[in-house]
Amino acid sequence: MNVHLFLLAALAFFSMCAVMADDLLKAAVSLGAASVALTLLFYEMAAPWAAVFELSVCAGLITVLFVSSINLIRGEERFLAESRHRFAALPLFAFCFAAGLWLFGDHVSATLLPARDGASDPGVGAALWSLRRRDILGQICMFLAGVLAIAAFFGPAKPAEKAVGAPATGCDMAREREDA
Amino acid sequence: MSANLTTNLFFTALLVFMGLYCMLVSRNLLRLLIGVEIVSKGVLLALVTAGQAVDKLGTAQGLAITMIVVEVVVIAVALGLVVRAYSAHGTLDVWKLNTLRG
Chain B
3 MNVHLFLLAA
13 LAFFSMCAVM
23 ADDLLKAAVS
33 LGAASVALTL
43 LFYEMAAPWA
53 AVFELSVCAG
63 LITVLFVSSI
73 NLIRGEERFL
83 AESRHRFAAL
93 PLFAFCFAAG
103 LWLFGDHVSA
113 TLLPARDGAS
123 DPGVGAALWS
133 LRRRDILGQI
143 CMFLAGVLAI
153 AAFFGPAKPA
163 EKAVGAPATG
173 CDMAREREDA
Chain R
28 MSANLTTNLF
38 FTALLVFMGL
48 YCMLVSRNLL
58 RLLIGVEIVS
68 KGVLLALVTA
78 GQAVDKLGTA
88 QGLAITMIVV
98 EVVVIAVALG
108 LVVRAYSAHG
118 TLDVWKLNTL
128 RG
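Encoded structure:
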């Protein structure tokens with residue numbers, strides 16, 4: 003129980019660091035650390051398959067994607083001002099809502115969760131390949147759609163001569179701002 | 028089990044609100060995606076907690092794996108969009124990306 007609470011606290015702490023960090027790189031690394039905490043939590047809750055996917059995909063791949071994207075962005079974009087004062091009451095509301103869930107969690111879970119039917123757990127393999135076979139089809143479709151989208155974004159561009167007096171691109175404008 | 032369930036519900040709500048707060052206050056497109064990631068972590072925690080509570084952890088893990096796969100595709104495509112938007116406009120500030128405003 004103590005380990006469970008410690009891991010939950012670590013997950014919340016690293017998530018808060020990701021939200022509050024001024025530098026985007028620090029936010030991305032904090033997000034990776036939160037994923038590691040969630041992985042350990044899943045192991046502690048006897049869910050090793052979800053933990054392995056969380057560690058390899060969320061803590062690994064997504065962190066790498068974020069860090070690569072941040073490195074493609076110039077310096078001043080990493081430190082954009084935020085409008086926190088407009089939503090200053092939201093953290094307090096969130097804490098009250100979460101505390102209400104903690105106090106009335108049993109009632110909420112009895113209302114929302116289905117009753118235990120006594121049937122044995124089918125296991126991850128049977129759940130994925132037999133019970134939820136359409137999910138696999140959905141995952142394949144998502145992958146294909148993602149690959150097509152990335153190919154459309156970063157595929158070979160048509161060679162076009164830049165006309166004299168043509169409007170500058172965003173990169174040119176950013177470079178000019180930096181030079182100035 | 029009950030204590031675990033209520034504690035996990037508390038932290039699930041906390042994570043979801045943290046992600047929503049991040050999305051609301053941020054002007055940077057990359058930070059919006061970090062908010063989406065934090066919300067999805069809360070939802071994953073809720074999914075595995077529910078599976079543990081009704082003794083269907085295998086099914087819950089199957090759903091969690093599906094959600095992780097969908098999440099990574101969404102984040103990869105969204106990051107591609109963000110990088111393209113930056114190369115086109117030279118900024119990631121959502122207040123300045125208003126060229127489609129009518």
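Just so you know, the protein sequences line up as chains B and R, in that order. The numbering of the first sequence is my numbering, which starts it at 3 and goes up by one. The numbering of the second sequence is my numbering, which starts it at 28 and goes up by one. Each residue gets a CB set at the ideal place from its N, CA and C atoms; glycine is no exception. Remember, it's a predicted structure, so these values are computed and weren't measured experimentally.
Report buried or exposed for residue i, applying the criterion of at least 16 other Cβ atoms within 10 angstroms of its Cβ.
i	result
R58 of chain R	buried
V5 of chain B	exposed
C60 of chain B	buried
I65 of chain R	buried
L150 of chain B	exposed
W131 of chain B	exposed
W122 of chain R	exposed
L84 of chain R	buried
D25 of chain B	exposed
I102 of chain R	buried
G185 of chain B	As shown, chain B starts at 3 and ends at 182. That puts residue 185 of chain B outside it, with no answer to give.
D137 of chain B	buried
L40 of chain B	buried
A153 of chain B	exposed
L148 of chain B	Going by the sequence as given, residue 148 of chain B is Gly instead of Leu. Answer is buried; the Cβ neighbour count reaches 16.
L139 of chain B	exposed
S122 of chain B	exposed
L27 of chain B	exposed
A11 of chain B	exposed
I61 of chain R	buried
A101 of chain B	exposed
Starting from residue i, follow the alpha helix (DSSP H) in both directions and report where the run begins and ends.
i	result
L63 of chain B	Note, L63 of chain B: premise wrong, no alpha helix (DSSP H); not H, not E.
M47 of chain B	Run containing M47 of chain B: none; DSSP gives neither H nor E here.
V5 of chain B	N4 to M22
Specify the secondary structure class of residue i as computed by DSSP and reduced to three states.
i	result
D137 of chain B	helix
D82 of chain R	coil
D108 of chain B	helix
N73 of chain B	helix
N55 of chain R	strand
Hey, out of the options, whose CA is closest to residue i's CA?
i	options	result
T65 of chain B	B:P116, B:A153 and B:V38	B:V38
L114 of chain B	B:F8, B:F145 and B:L103	B:L103
L183 of chain B	R:G107, R:V101 and R:V99	Any answer about residue 183 of chain B is impossible in this case: the structure gives chain B only from 3 up to 182.
N125 of chain R	R:V81, R:L60, R:V97 and R:R54	R:R54
S70 of chain B	B:A52, B:V31, B:C19 and B:L43	B:V31
Y48 of chain B	R:E98, R:Q88, R:V104 and R:V110	In the sequence on display, residue 48 of chain B carries Ala and not Tyr. Of the candidates R:E98, R:Q88, R:V104 and R:V110, the one whose C-alpha sits nearest the C-alpha of A48 of chain B is R:Q88.
A40 of chain R	B:C98, B:P158, B:G125 and B:F8	B:C98
V70 of chain R	R:N35, R:V104 and R:V100	R:N35
V99 of chain R	R:S67, R:G78, R:L56 and R:T33	R:S67
L67 of chain B	B:G34, B:W51 and B:A96	B:G34
R118 of chain B	R:A105, R:V109 and R:A80	R:A80
E46 of chain B	B:L7, B:F155 and B:F16	B:L7
F38 of chain R	B:S58, B:F155 and B:L105	B:L105
G78 of chain R	B:C19, B:L13, B:G125 and B:A36	B:G125
V97 of chain R	B:P158, B:F16, B:Q141 and B:A20	B:Q141
A112 of chain R	B:F156, B:S17, B:F16 and B:A14	B:F156
L146 of chain B	R:V109, R:V104 and R:N31	R:V104
Pairing CB atoms from the stretch 85-93 of chain R with CB atoms from the stretch 114-129 of chain R, are three or more of them under 8 Å? no
Does the stretch 91-105 of chain B touch the stretch 42-58 of chain R, meaning 3 or more C-beta pairs lie closer than 8 Å? A contact exists between the stretch 42-58 of chain R and the stretch 91-105 of chain B.
Touch test, the stretch 72-80 of chain R against the stretch 48-57 of chain R, Cβ-Cβ under 8 Å, three pairs minimum: By the Cβ test, the stretch 72-80 of chain R is not in contact with the stretch 48-57 of chain R, since fewer than three Cβ pairs between them sit closer than 8 Å.
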